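Report on one structure; see the data block that follows.
4 protein chains.
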Amino acid sequence: MPTLYNLIQGRNLDRLAALSDGIFAVAMTLLVLDLHIPLPAHVHSERELLAALGALAPQWITYGMSFLTLGIFWAGQQTQLNHIAEGTRDFTWIHLGFLFAVTLVPLSTRLLAVFITYRVALGIYWLNIFVLGAMLYWGWMYAVRTNLVKADTTDEVSHSICRRILIAQALYAAGAALCFVSPWLSIAVIVLVQLNYAIAPKFGQS
Amino acid sequence: MPTLYNLIQGRNLDRLAALSDGIFAVAMTLLVLDLHIPLPAHVHSERELLAALGALAPQWITYGMSFLTLGIFWAGQQTQLNHIAEGTRDFTWIHLGFLFAVTLVPLSTRLLAVFITYRVALGIYWLNIFVLGAMLYWGWMYAVRTNLVKADTTDEVSHSICRRILIAQALYAAGAALCFVSPWLSIAVIVLVQLNYAIAPKFGQS
Amino acid sequence: MPTLYNLIQGRNLDRLAALSDGIFAVAMTLLVLDLHIPLPAHVHSERELLAALGALAPQWITYGMSFLTLGIFWAGQQTQLNHIAEGTRDFTWIHLGFLFAVTLVPLSTRLLAVFITYRVALGIYWLNIFVLGAMLYWGWMYAVRTNLVKADTTDEVSHSICRRILIAQALYAAGAALCFVSPWLSIAVIVLVQLNYAIAPKFGQS
Amino acid sequence: MPTLYNLIQGRNLDRLAALSDGIFAVAMTLLVLDLHIPLPAHVHSERELLAALGALAPQWITYGMSFLTLGIFWAGQQTQLNHIAEGTRDFTWIHLGFLFAVTLVPLSTRLLAVFITYRVALGIYWLNIFVLGAMLYWGWMYAVRTNLVKADTTDEVSHSICRRILIAQALYAAGAALCFVSPWLSIAVIVLVQLNYAIAPKFGQS
Numbered sequence: 012m013p014t015l016y017n018l019i020q021g022r023n024l025d026r027l028a029a030l031s032d033g034i035f036a037v038a039m040t041l042l043v044l045d046l047h048i049p050l051p052a053h054v055h056s057e058r059e060l061l062a063a064l065g066a067l068a069p070q071w072i073t074y075g076m077s078f079l080t081l082g083i084f085w086a087g088q089q090t091q092l093n094h095i096a097e098g099t100r101d102f103t104w105i106h107l108g109f110l111f112a113v114t115l116v117p118l119s120t121r122l123l124a125v126f127i128t129y130r131v132a133l134g135i136y137w138l139n140i141f142v143l144g145a146m147l148y149w150g151w152m153y154a155v156r157t158n159l160v161k162a163d164t165t166d167e168v169s170h171s172i173c174r175r176i177l178i179a180q181a182l183y184a185a186g187a188a189l190c191f192v193s194p195w196l197s198i199a200v201i202v203l204v205q206l207n208y209a210i211a212p213k214f215g216q217s
Numbered sequence: 012m013p014t015l016y017n018l019i020q021g022r023n024l025d026r027l028a029a030l031s032d033g034i035f036a037v038a039m040t041l042l043v044l045d046l047h048i049p050l051p052a053h054v055h056s057e058r059e060l061l062a063a064l065g066a067l068a069p070q071w072i073t074y075g076m077s078f079l080t081l082g083i084f085w086a087g088q089q090t091q092l093n094h095i096a097e098g099t100r101d102f103t104w105i106h107l108g109f110l111f112a113v114t115l116v117p118l119s120t121r122l123l124a125v126f127i128t129y130r131v132a133l134g135i136y137w138l139n140i141f142v143l144g145a146m147l148y149w150g151w152m153y154a155v156r157t158n159l160v161k162a163d164t165t166d167e168v169s170h171s172i173c174r175r176i177l178i179a180q181a182l183y184a185a186g187a188a189l190c191f192v193s194p195w196l197s198i199a200v201i202v203l204v205q206l207n208y209a210i211a212p213k214f215g216q217s
Numbered sequence: 012m013p014t015l016y017n018l019i020q021g022r023n024l025d026r027l028a029a030l031s032d033g034i035f036a037v038a039m040t041l042l043v044l045d046l047h048i049p050l051p052a053h054v055h056s057e058r059e060l061l062a063a064l065g066a067l068a069p070q071w072i073t074y075g076m077s078f079l080t081l082g083i084f085w086a087g088q089q090t091q092l093n094h095i096a097e098g099t100r101d102f103t104w105i106h107l108g109f110l111f112a113v114t115l116v117p118l119s120t121r122l123l124a125v126f127i128t129y130r131v132a133l134g135i136y137w138l139n140i141f142v143l144g145a146m147l148y149w150g151w152m153y154a155v156r157t158n159l160v161k162a163d164t165t166d167e168v169s170h171s172i173c174r175r176i177l178i179a180q181a182l183y184a185a186g187a188a189l190c191f192v193s194p195w196l197s198i199a200v201i202v203l204v205q206l207n208y209a210i211a212p213k214f215g216q217s
Numbered sequence: 012m013p014t015l016y017n018l019i020q021g022r023n024l025d026r027l028a029a030l031s032d033g034i035f036a037v038a039m040t041l042l043v044l045d046l047h048i049p050l051p052a053h054v055h056s057e058r059e060l061l062a063a064l065g066a067l068a069p070q071w072i073t074y075g076m077s078f079l080t081l082g083i084f085w086a087g088q089q090t091q092l093n094h095i096a097e098g099t100r101d102f103t104w105i106h107l108g109f110l111f112a113v114t115l116v117p118l119s120t121r122l123l124a125v126f127i128t129y130r131v132a133l134g135i136y137w138l139n140i141f142v143l144g145a146m147l148y149w150g151w152m153y154a155v156r157t158n159l160v161k162a163d164t165t166d167e168v169s170h171s172i173c174r175r176i177l178i179a180q181a182l183y184a185a186g187a188a189l190c191f192v193s194p195w196l197s198i199a200v201i202v203l204v205q206l207n208y209a210i211a212p213k214f215g216q217s
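Residue numbers (my numbering), protein chains in the order written: chain A, 12 to 217; chain B, 12 to 217; chain C, 12 to 217; chain D, 12 to 217.
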């Protein structure tokens, strides 16, 4: 039996949304703090500056990938919260767990940018994406089970929300597994999956 | 007798909530800036990378603990503000004091991560948690005394809000006192208390 | 034919606005992190401190210019969103692309401050401004084509929004092209164009 | 004659408030990034850790002072915006100028913490506070002149808002002028003025 305090806690979905927007905004912008610019001492001409910027390619790629990751999960969380009528204490804490994983994205990005050829770094990056998806899935399952979902949300919408997470996670896992062939191939596949969800919604989505 | 300016100041609870969400969001995400990744020069194999990440355990533990701390007090402040009908200048400044303590959490976390075996570092971390609780308690007491609380808030709810803070602070103080036995034991107990409030609301709560 | 999930995604313009405000707020404040203060070891008198601060002029100029850039595009996005009735998934992703370019402003600013006499650095800074304008223009074109614009928005308003972006971008491009004469002249012209839009709306605006 | 675009720009006060809350939240939390903790190599006992923390007193004082500064001006801006019915393009840019000064507070704080005995550093810190007050005053004057103020705002309220800024700025200027006697005295007086506005509203306020 839940206590009184736990009944009155975590009802305010607006504040959960505001905290989420704030954390996503900071995480998306903090990624840039880890991007380095060439050292002036190494650059003596326009051509050398261009070459030095080109040599920083791994950090640009991981940066772009992480912004896509955050954008996709921000949109996913927004879609979920749009269909929730009211919060509870436990629902709030599931989403705080989700936000915890969001704050770790800049860190796993930095790890991947520095150790881009290491399977361990790629595995941790994938684990971060997996936890993001798992928390969102848990949040929706919990909301359905405890009747937090808005009355006008059809079963079709509910299934579509779950299926979207499961298919995306299957594709990410397949992409991450390719790191046993080549880390670069693995990153390329993950970025392609992300671009598919961000730009060209024609494949594997329902 | 309050002056006119003090009467018109600090009425807008929405902006106080927005500022709070912003400060919590930044503080939660800034914690990650203090997490270091292994230096590439020290890592020559997948196994070494895993080992190097494992050696950074103290910073992971303090990071997780601080995210829990911030999550607990964010939820606590939200619950309090949900029951307030309108703000006043003094109520706003009590909460600005609370937010001041929130901005110090990343700093006391960094201190604890670096000096994890020092009682002084643990004491300062506990003091930070204590001030957070004390400001929230003061804010509620003030709101009750000056009739800022919403009309539909029962005495039971009000008592439950106070009791929650007092019991939690008693448990934190007991946990912190254990640092005279062992700092690690102390941290373990504080994390257990926090997990109890975040995950398993079955014990010592009302 | 869009799938069900894509129909229910990205509807919430309020959260898009909140994420945008957060990202602009962080980007505007992060710029300051790249501003350095003189080293104490080099300063032995009040006069030397003033001189050392004066020597940091390039960073002050690029900082001021970037705050103006962010302010102009924040106001521009706000004006656009004020005239949109509801969002769609694709509209959201166009604006996430816009926000991606916003997060890059602190980085291209840092590059320009360090390599202020290099055409490559100025070219990248201009490219950043160009992408900001192009995404806003694309967003408005898309909203008009897919009937997301509010019913009370006249054609005149719509033309005025487009013309504003095109004229501003033409002026920025002309300013950037002057870097083949002199990078300093180029920066001066860009700042003048920005000040025109921020302070003295008397010229080239409709 | 204002152009059409300038008429439709900057109407949304909610987004101005959200951007302001974001910038204040980041600035308040960023201050902490400049606080250093003692180096582990210099600390070998509990007592040495306490002593090392005590030696960092100047940074704690400037940090506390800057949080007070930001809190006071956040409350001041909130009070002003609460009495504004709708925004205009020019009103928005006056407040963007105000926010520009807000983003500089962490920088002038850092300068003062490092050069705490220099009059130039104190003068720049005071200049920052002066610009904050001047922009708020200008914003209110502009709003009154162009009829943006809400209909239910009495002349008394309007005078009280202006007088508050003028008296506070006179006290800050007097405090800053004391730096010709002693920088420490000057800082002490400024902090006392701030505490007066934050905590003990009994003196010099109307």
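The beta carbon of each residue, even a glycine, is placed where N, CA and C say it ideally should be.
Owing to the predicted nature of the structure, the values given are computational and were not obtained by experimental measurement.
Put simply, the CB of Arg-26 (chain A) is far from chain C, with every gap to its CB atoms at 8 Å or more. Nearest C-alpha to Arg-175 (chain B) among B:Arg-26, B:Gln-91, B:Arg-121: B:Gln-91. Secondary structure at Val-113 (chain A): helix, using DSSP grouped into helix, strand and coil. By the Cβ test, the segment 74-82 of chain A is not in contact with the segment 58-67 of chain B, since fewer than three Cβ pairs between them sit closer than 8 Å. Bounds of the alpha helix (DSSP H) holding Gly-134 (chain C) are 130-156. In this structure, Val-43 (chain B) and His-94 (chain B) do not form a Cβ contact; the two beta carbons are roughly 32 Å apart against a cut-off of 8 Å. Not a single C-beta of chain D is nearer than 8 Å to the C-beta of Ala-66 (chain B). Within a 10 Å sphere around the beta-carbon of Ala-185 (chain C) sit fewer than 16 other beta-carbons, which makes this residue exposed.
In the three-state scheme derived from DSSP, where H, G and I count as helix and E and B as strand, Ile-95 (chain B) is classed as strand. Taking a beta-carbon distance threshold of 8 Å, Thr-128 (chain B) does not count as an interface residue toward chain A.
For Ser-31 (chain A), the closest of A:Trp-137, A:Trp-85, A:Ser-119, A:Ala-188 by C-alpha to C-alpha distance is A:Trp-85. At a cut-off of 8 Å, the C-beta of Gln-20 (chain A) has a neighbouring C-beta in chain B. Under the three-state reduction of DSSP output, Val-160 (chain B) falls in the strand class. Contact between the segment 147-163 of chain D and the segment 117-137 of chain D is absent: fewer than 3 CB-CB pairs across the two stretches fall below 8 Å. In terms of beta-carbon proximity, Pro-194 (chain A) stays away from the interface with chain B, with every pair separated by 8 Å or more. What Thr-103 (chain B) touches in chain D, judged by beta-carbon distance under 8 Å, is Ala-86, going in chain order.
Assigned with DSSP and collapsed to three states, Asn-17 (chain D) falls in helix. DSSP, reduced to helix, strand and coil, places Ser-119 (chain D) within a helical segment of the structure shown. Straight through space, the alpha carbons of Leu-64 (chain A) and Pro-49 (chain A) are spaced by roughly 7 Å.
Per DSSP, Cys-190 (chain D) is not a residue of any alpha helix (DSSP H), being assigned neither H nor E. Among the residues of chain D, those whose CB is under 9 Å from the CB of Pro-117 (chain B) are Thr-40, Val-43, Leu-44, following chain order. The straight-line gap separating the alpha-carbon atoms of Leu-15 (chain D) and His-170 (chain C) is approximately 10 Å. Ranked by Cα distance from Arg-100 (chain B), the options B:Ala-181, B:Arg-22, B:Pro-194, B:Asn-207 are led by B:Arg-22.
Residue contact check for Ala-181 (chain A) against chain C: no CB pair falls below 8 Å. When only Cα atoms are considered, Arg-121 (chain D) and Val-54 (chain C) end up about 15 Å apart.
For Val-204 (chain C), the secondary structure class from DSSP, reduced to helix, strand or coil, is helix. By the Cβ-count criterion, Pro-51 (chain D) is exposed, with fewer than 16 other Cβ atoms from all chains shown falling within 10 Å of its own Cβ.
Taking the C-beta atoms as reference points, Ala-36 (chain B) is found nearer than 8 Å to Val-37 (chain A). Interface residue (Cβ-Cβ distance to chain D less than 8 Å): Asn-207 (chain B) is not classified as such. Counted as a single uninterrupted DSSP element, the alpha helix (DSSP H) harbouring Ser-31 (chain D) occupies residues 24-41. DSSP, read as helix, strand or coil, puts Pro-49 (chain B) in coil. Linking Gln-70 (chain A) to Leu-46 (chain A) through their CA atoms gives a straight-line distance of about 7 Å. At least 8 Å separates the CB of Pro-69 (chain A) from every CB of chain C. If you check each beta-carbon in the segment 140-169 of chain A against every beta-carbon of chain B, none falls closer than 7 Å.
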